[in-house]
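In the UniProt record's numbering, the protein residues as written are 1 to 352. All C-beta atoms in this analysis are idealised placements derived from N, C-alpha and C, irrespective of residue type, glycine included.
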């Protein structure tokens with residue numbers, strides 16, 4: 001037997017001068033195989049390092065026990081918390097996760113979908129990339145549905161596409177963040193807005209706009225600047241805000257990374273956070289509680305996204321009827337108040 005190839009059932013059968021089907025039954029503890037024979041074959045198989053062919057078994061059983069998870073990045077705690085939630089439910093049930101990172105690329109996301117389908121995954125959990133929104137192409141998503149593979153959007157969705165989803169109430173979180181800045185006495189509140197088109201970006205922007213309208217604050221275009229989700233993307237936009245004739249005294253960042261970038265620029269300009277410029281982020285990433293000053297932010301329950309998405313997937317396995325309802329779960333977001341917004345110079349007629 002060649003040392004550079006795996007041991008097969010046929011190899012074991014030749015060794016014991018029996019049929020491959022006898023070996024297969026023995027390795028699977030079939031009751032019709034003599035107990036001594038079973039033990040001898042199993043001990044030998046273990047000794048020579050025999051491993052079952054999972055691909056062949058999947059073809060036989062019509063299931064692979066594998067799942068696809070596609071996320072835009074693994075740089076943030078939020079995505080890892082979602083994956084943790086998925087694994088906490090599905091891994092004990094024997095599922096193997098294929099974790100794919102799209103890096104916000106439509107082409108890479110499309111390629112991952114094609115490869116996952118080719119490998120016969122039993123379900124795909126997808127957080128849409130920025131470029132997929134920008135491109136307007138979703139044929140790769142339609143191919144998942146056509147193959148009758150469960151598709152569940154996690155955190156980011158493709159609006160208007162008929163699939164189950166678990167998202168966060170980004171609108172409420174942004175509204176609460178902006179309202180908090182108003183109650184802390186801020187008069188000119190800027191928004192470092194995320195990439196155009198993404199549902200999370202647009203919902204947070206809408207929460208900001210509607211909150212300003214509620215409190216009869218003017219909507220000023222110069223106070224709304226587009227960034228992406230990285231800390232460095234906030235540097236130049238924040239400097240432009242501070243260079244305005246009437247700079248903002250409050251900044252709402254689309255996420256914690258952007259807010260931290262804004263805080264760096266504010267302090268580099270010799271301004272005090274929060275008394276001169278109050279800053280709030282979004283995500284409640286671990287670092288937000290340890291920077292100085294600690295960052296006020298909006299907490300997103302990432303692990304719960306994963307556990308709820310797992311529950312939806314398992315319910316779809318039980319009910320594969322064509323009339324199955326599409327679940328749309330929106331989880332609550334909550335404001336976490338820290339030092340970056342706790343102003344001590346609020347006048348008596350402010351902060352009410």
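Nearest Cα to residue 220 within the set 210, 128, 228 and 101: 210. Cβ contact annotation for residue 101 (same chain, cutoff 7 Å, sequence separation greater than five): 71, 73 and 74, in chain order. Counting only the Cα atoms, residue 45 lies some 8 Å from residue 51. The criterion of a C-beta distance shorter than 8 Å is not satisfied by residue 126 and residue 98. Annotation for residue 315: the continuous alpha helix (DSSP H) segment containing it runs 302-318. Assigned with DSSP and collapsed to three states, residue 229 falls in coil, not helix or strand.
As a beta-bridge residue in DSSP terms, residue 153 pairs with 126 and 165. Approximately 6 Å separates the beta-carbon atoms of residue 169 and residue 332; this is inside 8 Å, confirming the contact. A Cβ-Cβ distance of about 5 Å is found for the pair residue 263 and residue 279, placing them in contact under the 8 Å criterion. Using a Cβ distance threshold of 8 Å, residue 104 and residue 131 count as a contacting pair.
Excluding its 5 nearest sequence neighbours in each direction, residue 37 has C-beta neighbours in its own chain below 7 Å: 26, listed in chain order.
In the three-state scheme derived from DSSP, where H, G and I count as helix and E and B as strand, residue 140 is classed as helix. Counted as a single uninterrupted DSSP element, the stretch harbouring residue 102 is not any beta strand (DSSP E), since DSSP gives it neither H nor E. For residue 296, no alpha helix (DSSP H) segment is defined, and its DSSP state is neither H nor E.
With a 10 Å radius around the Cβ and a threshold of 16 neighbouring Cβ atoms, residue 78 comes out buried. In this structure residue 64 touches residue 120 by the C-beta definition: roughly 5 Å separates them, less than 8 Å. Uninterrupted beta strand (DSSP E) stretches at least 3 residues long and entirely within the stretch 248-272 occur at 250-253, given in chain order. Look at the beta carbons and you see the stretch 137-148 not touching the stretch 235-248: under three pairs across the two are nearer than 8 Å. For residue 236, the enclosing alpha helix (DSSP H) has its first and last residue at 235-242.
The C-alpha of residue 49 is placed about 60 Å away from the C-alpha of residue 191.
Residue nearest to residue 139 within the set 106, 164, 152 and 17 is 106 (criterion: CA-CA distance).
The shortest C-alpha to C-alpha distance from residue 93 to any of 18, 311, 29 and 238 is the one to 311. Within a 10 Å sphere around the beta-carbon of residue 39 sit fewer than 16 other beta-carbons, which makes this residue exposed. DSSP places residue 160 in the coil class of the three-state scheme, outside both helix and strand. Relative to residue 195, the option among 228, 184, 246 and 23 whose CA is nearest is 228. Rounded to the nearest whole angstrom, the CA to CA distance from residue 236 to residue 295 is 20 Å. With respect to the 8 Å criterion, residue 298 and residue 271 are not classified as neighbours on the basis of their beta carbons.
In this chain, the beta strand (DSSP E) harbouring residue 336 covers 334-336.
For residue 293, the closest C-alpha among the options 274, 158 and 152 is that of 274. Here residue 118 is exposed. Its C-beta has fewer than 16 other C-beta atoms within 10 Å. Beta bridge pairing from DSSP links residue 189 with 250.
Counting only the Cα atoms, residue 183 lies some 10 Å from residue 342. Contact between residue 307 and residue 68 fails: their C-beta atoms lie close to 18 Å from each other, not under 8 Å. In this structure, the alpha-carbon of residue 6 lies about 27 Å from that of residue 32.
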